[in-house]
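K.L.:
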Amino acid sequence: MRRVSSPARPPRDSSRWLSALALLSLVLLSGCSAFSRAVREGDGAVKERHWAEAEAAYLRALAADPEASEITVKLRAVRREWGEEVYQEAGAAHSSGDLPSATKLLVRVLELNPDHEGARALLAQTLDARVQVALGLLKEEKLQDARAELDAVLAVSPDHVNARKGVDAVQVAWAKRFFASAETLEKAGKLGNALVAYVRADQERVGATAARERAEAVRQRLRDEVAFLVVATPVEDNAQAPDVAQRLSAGRLASALPTKLPLKVVTEAPPGRVGVKLDLSLERVLPLKAVEDSQRSQRYLAGNRSVPNPKRGDYEKKLLEAERTLEGVERKQAAVLREYLKAQVELGTLRDAAERCREREKRECRAAIQECGEEARDAKSPGKVPSECDPERCSGQCTQDEGLMSMKAKAARVLEVAVQVALDKAETQRSEVQRNRDSVFREPITVEEPMYSDFVYDVQLHRLTVTATVTSVMRDLLTPQQVPAPNTQDYAVLHEDLAHKGYDRYGVLADPVQLRNELELRVDAGDKAVADVAKHVRERFDLYRGKRVEDARRGMVRPGAEDVVETAVRALLLTADAPPQDILQPVARARGLTRPEALLGVGQ
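Per this note's numbering, residue 16 is the first one in the sequence shown, and the count goes up by one each step.
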């Protein structure tokens, strides 16, 4: 019977290759199926004129196979057909007067088919029509609607000339409207709201109206209204020093106060105004000169001298420490070596004892064996072991000696390692000692150093002090019946200078006295006094404007109200040096100001 041979198995490598080929074929087939399915869906949507679905299907097909040129052609055809339908809808919307819808549809047509000339021409007509509509709304004073139409046109065509002109016209109209509103508010006495409206008109269109000039005038009126007045009476010169009294005048006080803030120095004030009355009197001006004698010293080089070399001293100190360390290492080395030699002697003694014990054990064992043999030959009962044949007679007699010898041998090996370590340490320390010795010998014993000496010389300290005593009295204008206590303060200005003779040999140059003139110090004393008075005035002003700012903050829950704006604008003018943002920003947002700092006359 013939045996049927089974087919041979493919090699392992060829089976792996076949698996990879199958996987690749599966991927290609799945890709082709996705591409074909997307093409079929797109063709079906085209037949039913569902353009959005057709475009999405063709885009999926191109994603599967970007090189499929026939799909690109189909996609362009779909977009042209779709654009034509949208164009028809846009034409109908344009004919019916729905210009916003027509604009959106025409923009969509150009997105689908950028080469559609009809859509481009109709879009231009539509935009022109929307501009005309905006101009009509402008004539009807519907400025917000007109601006919305023009912005929509510019969103589609940013370079549309007529639309830009229309935006300019709308801005001018807004500016005029706000200007007229500001004039009405100004006539009604609502200066804060008028200022905001003037600023808004100027920001809408610069130069379209006289808003900036009017805003400055209203701002000045408001500053005059909220100004903190300082009524400065003539200075009473009790010291008979007109040069110092002149520095305390009203003009000098005004120059010492900040110009941004509504702080005014006047000689008379109408009743009912906020401020203080300031009375200044110059009590005395006392110049004082003083001369103090003292001594100073000047160090100079007198020569050189030989001194012990400090570096050599450091090296000698290190060498001494290294030698002492070496002595300690050598002592430890000698001790370890003695222990090692002692252990070797003891090990030799134990070894000799063990050798003698082994020899004795051998002799006794041979004698026992001989006796055992003789007893065995003379034994009458065969198979019976004589008592002389005991194995214990040939072993175990030298076990203790051999154990002691083994323990001593281990201890000797440990001591041998310790001796080697001690020898290495001693060699290293000897090298360190030699290095330090070389460093010491390389350094000289003495070195040259400079020798200094002090030259003492006489100096004179010339001091000139001018002290101005000023008495100030501040009375509140709203409560003149209160009599405050006078404040008397001394304002001293000091200048001093050293003077001495010259000694060129020791490097001391002549320094003659150079004191400032007494007249200059008197002027400085007066300026110091007026600066301090201005500081006290500023403190009173800060209290006043702090109350106005708090009143304005309480109204920020409704920042657009007319009464709130009146209070807020006045508070902002009082804080022009650092306007509070929690007041400035809410008012600006409520009234549509793009640059709120323009309320204070900044950044126009």
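Glycine residues also receive a C-beta, built at the ideal position from the N, C-alpha and C atoms.
Tell me the DSSP secondary structure of Lys-279 in three-state form.
P.N.:
As a first step, residue 279 is located in the sequence shown; it is residue number 264 there, counting from the start. Of the three classes helix, strand and coil, the one that applies to Lys-279 here is strand, per DSSP.
K.L.:
With a threshold of 16 other CB atoms inside 10 Å of the CB of Gly-343, please say whether the residue is buried or exposed.
P.N.:
In the sequence shown, residue 343 corresponds to position 328, counting from 1. Gly-343 should be labelled exposed.
K.L.:
Please state the DSSP three-state secondary structure of Thr-484.
P.N.:
Stepping through the sequence shown from its first residue, residue 484 is reached at position 469. Correct three-state label for Thr-484: strand.
K.L.:
Based on the DSSP secondary-structure assignment, which residues constitute the bridge partners of Glu-299?
P.N.:
Within the sequence shown, residue 299 is the residue found at index 284, counting from 1. Per the sequence shown, the amino acid found at residue 299 is Arg instead of Glu. According to DSSP, which records beta bridges pairwise, Arg-299 is partnered with Thr-484.
K.L.:
For Val-485, which of Ala-433, Val-471, Lys-543 and Asp-453 has the nearest alpha-carbon?
P.N.:
Position 470 of the sequence shown holds residue 485. It is Lys-543.
K.L.:
Any contact of the segment 288-302 with the segment 250-269, i.e. 3+ C-beta pairs under 8 Å?
P.N.:
With the cut-off at 8 Å, the segment 288-302 and the segment 250-269 touch.
K.L.:
In whole angstroms, what is the alpha-carbon distance linking Ala-216 and Arg-192?
P.N.:
For this step, residue 216 is matched to residue 201 along the sequence shown. For this step, residue 192 is matched to residue 177 along the sequence shown. Rounded to the nearest angstrom, the two C-alpha atoms are 8 Å apart.
K.L.:
Hey, Leu-479 and Leu-534: beta-carbon distance below 8 Å or not?
P.N.:
As a first step, residue 479 must be located in the sequence shown, where it is residue number 464. As a first step, residue 534 must be located in the sequence shown, where it is residue number 519. Contact: no.
K.L.:
With Leu-513 as the anchor, note down where its beta strand (DSSP E) starts and where it stops.
P.N.:
Counting from 1 along the sequence shown, the entry for residue 513 is found at position 498. Run containing Leu-513: 502-514, per the beta strand (DSSP E) assignment.
K.L.:
Touching or not, the segment 418-432 and the segment 359-368, by the rule of three or more beta carbon pairs under 8 Å?
P.N.:
Touching, per the Cβ criterion.
K.L.:
Since Phe-470 sits in a beta bridge, which residues does DSSP pair it with?
P.N.:
Position 455 of the sequence shown, counted from the first residue, corresponds to residue 470. For Phe-470, which the question treats as bridged, DSSP gives the partners Gln-313.
K.L.:
As an exercise, report each continuous alpha helix (DSSP H) stretch of at least 4 residues that is fully enclosed by the segment 134-217, in chain order.
P.N.:
Segments of the alpha helix (DSSP H) lying fully in the segment 134-217: 158-171 and 176-202.
K.L.:
Given this structure, state the Cα-to-Cα distance separating Pro-302 from Gly-541, to the nearest angstrom.
P.N.:
Reading the sequence shown from its first residue, position 287 is the one you call residue 302. Reading the sequence shown from its first residue, position 526 is the one you call residue 541. Roughly 13 Å between the two C-alpha positions.
K.L.:
With which residues is His-477 paired in a DSSP beta bridge?
P.N.:
The residue given as residue 477 occupies position 462 in the sequence shown. Its beta-bridge partners are Val-306 and Asp-512.
K.L.:
Tell me the residue span of the beta strand (DSSP E) that contains Leu-244.
P.N.:
Numbered from its first residue, the sequence shown carries residue 244 at position 229. Per DSSP, Leu-244 belongs to the beta strand (DSSP E) from 243-247.
K.L.:
Taking Glu-240 as the reference, which of Leu-589, Arg-610, Arg-606 and Ala-603 has the closest Cα?
P.N.:
By one-based count along the sequence shown, residue 240 stands at place 225. Ranking the options by Cα distance to Glu-240, first place goes to Leu-589.
K.L.:
Taking the straight line between their C-alpha atoms, what separation do you get for Cys-372 and Met-422?
P.N.:
In the sequence shown, counting from the first residue as 1, residue 372 sits at position 357. In the sequence shown, counting from the first residue as 1, residue 422 sits at position 407. Cα to Cα, the separation comes out at about 17 Å.
K.L.:
Using the Cα positions of Leu-599 and Val-214, report the straight-line distance between them to the nearest angstrom.
P.N.:
For the purposes of this step, residue 599 is taken as the residue at position 584 of the sequence shown. For the purposes of this step, residue 214 is taken as the residue at position 199 of the sequence shown. Computed Cα separation, rounded: 14 Å.
K.L.:
Beta-carbon within less than 6 Å of Arg-267's beta-carbon, same chain only, minus the 5 sequence neighbours each way: which residues are those?
P.N.:
Taking the first residue of the sequence shown as position 1, residue 267 is located at position 252. The answer, listed in chain order, is Val-545.
K.L.:
Do the segment 179-195 and the segment 151-171 make contact, defined as three or more Cβ pairs closer than 8 Å?
P.N.:
Enough Cβ pairs lie closer than 8 Å, so yes.
K.L.:
According to DSSP, is Asn-128 part of a helix, a strand, or is it coil?
P.N.:
Against the sequence shown, residue 128 aligns to sequence position 113. It is coil, neither helix nor strand.
K.L.:
What does the alpha-carbon distance come out to for the pair Val-306 and Pro-273?
P.N.:
Position 291 of the sequence shown holds residue 306. Position 258 of the sequence shown holds residue 273. Taking the straight line from one Cα to the other gives about 41 Å.
K.L.:
Could you give the DSSP three-state label for Asn-319: helix, strand or coil?
P.N.:
Here the question's residue 319 lines up with position 304 in the sequence shown. Three-state DSSP puts Asn-319 in a strand.
K.L.:
How long is the line joining the alpha carbons of Leu-316 and Val-508, rounded to whole angstroms?
P.N.:
Position 301 of the sequence shown, counted from the first residue, corresponds to residue 316. Position 493 of the sequence shown, counted from the first residue, corresponds to residue 508. C-alpha separation (whole angstroms): 41 Å.
K.L.:
CB-CB under 7 Å to Asn-451, same chain, minus the five flanking residues each way: which ones, in chain order?
P.N.:
The sequence position of residue 451 within the sequence shown is 436, counting from 1. Cβ neighbours of Asn-451 beyond the five flanking positions: Tyr-330, Lys-333, Leu-334 and Ala-337.
K.L.:
Do the CB positions of Asp-526 and His-515 come within less than 8 Å of each other?
P.N.:
The residue you call residue 526 lines up with position 511 of the sequence shown. The residue you call residue 515 lines up with position 500 of the sequence shown. It is a contact, given that the beta carbons lie within the stated cut-off.
K.L.:
Please report the distance separating the alpha-carbon of Arg-555 from that of Glu-581.
P.N.:
Counting from one through the sequence shown, the residue named residue 555 turns up at place 540. Counting from one through the sequence shown, the residue named residue 581 turns up at place 566. Using only the alpha carbons, I get a separation of about 23 Å.
K.L.:
Given 8 Å as the limit, is there contact between the segment 105-123 and the segment 88-96, that is, 3 or more CB pairs closer than that?
P.N.:
Not touching, per the Cβ criterion.
K.L.:
Apart from the five residues on each side of it in sequence, which residues of its chain come closer than 6 Å, Cβ to Cβ, to Thr-482?
P.N.:
What you label residue 482 is simply residue 467 of the sequence shown in a count that begins at 1. The answer, listed in chain order, is Leu-301, Asp-505 and Ala-507.
K.L.:
Just to check my reading of the structure: Arg-234 and Gly-616 have Cβ atoms closer than 8 Å, yes? What is that Cβ distance to the nearest angstrom?
P.N.:
Mapped onto the sequence shown, residue 234 falls at position 219. Mapped onto the sequence shown, residue 616 falls at position 601. At roughly 6 Å, the Cβ-Cβ gap stays under 8 Å, so Arg-234 and Gly-616 are in contact.
K.L.:
Between the beta-carbon of Thr-141 and the beta-carbon of Ala-161, is there less than 8 Å?
P.N.:
For this step, residue 141 is matched to residue 126 along the sequence shown. For this step, residue 161 is matched to residue 146 along the sequence shown. Cβ atoms of Thr-141 and Ala-161: not closer than 8 Å.
K.L.:
Quick check: Glu-376 and Cys-413, are their CB atoms within less than 8 Å of each other?
P.N.:
Residue mapping note: residue 376 aligns to position 361 of the sequence shown, counting from 1. Residue mapping note: residue 413 aligns to position 398 of the sequence shown, counting from 1. The answer is yes: Cβ separation under 8 Å.
K.L.:
Under 8 Å, with one C-beta from each stretch per pair, do the segment 275-294 and the segment 448-465 reach the 3-pair mark?
P.N.:
Result no; under three Cβ-Cβ pairs closer than 8 Å.
K.L.:
Is Val-4 helix, strand or coil when you go by DSSP?
P.N.:
Residue 4 falls outside the range modelled here, since the chain spans only 16 to 619, and no answer is possible.
K.L.:
Mapping DSSP to helix, strand and coil, what is Asp-80?
P.N.:
Stepping through the sequence shown from its first residue, residue 80 is reached at position 65. Here Asp-80 sits in coil by DSSP.
K.L.:
Just the C-alpha distance for Pro-594 and Leu-587, rounded to the nearest angstrom, thanks.
P.N.:
Along the sequence shown, one-based indexing puts residue 594 at 579. Along the sequence shown, one-based indexing puts residue 587 at 572. Straight-line Cα distance between these residues: approximately 6 Å.
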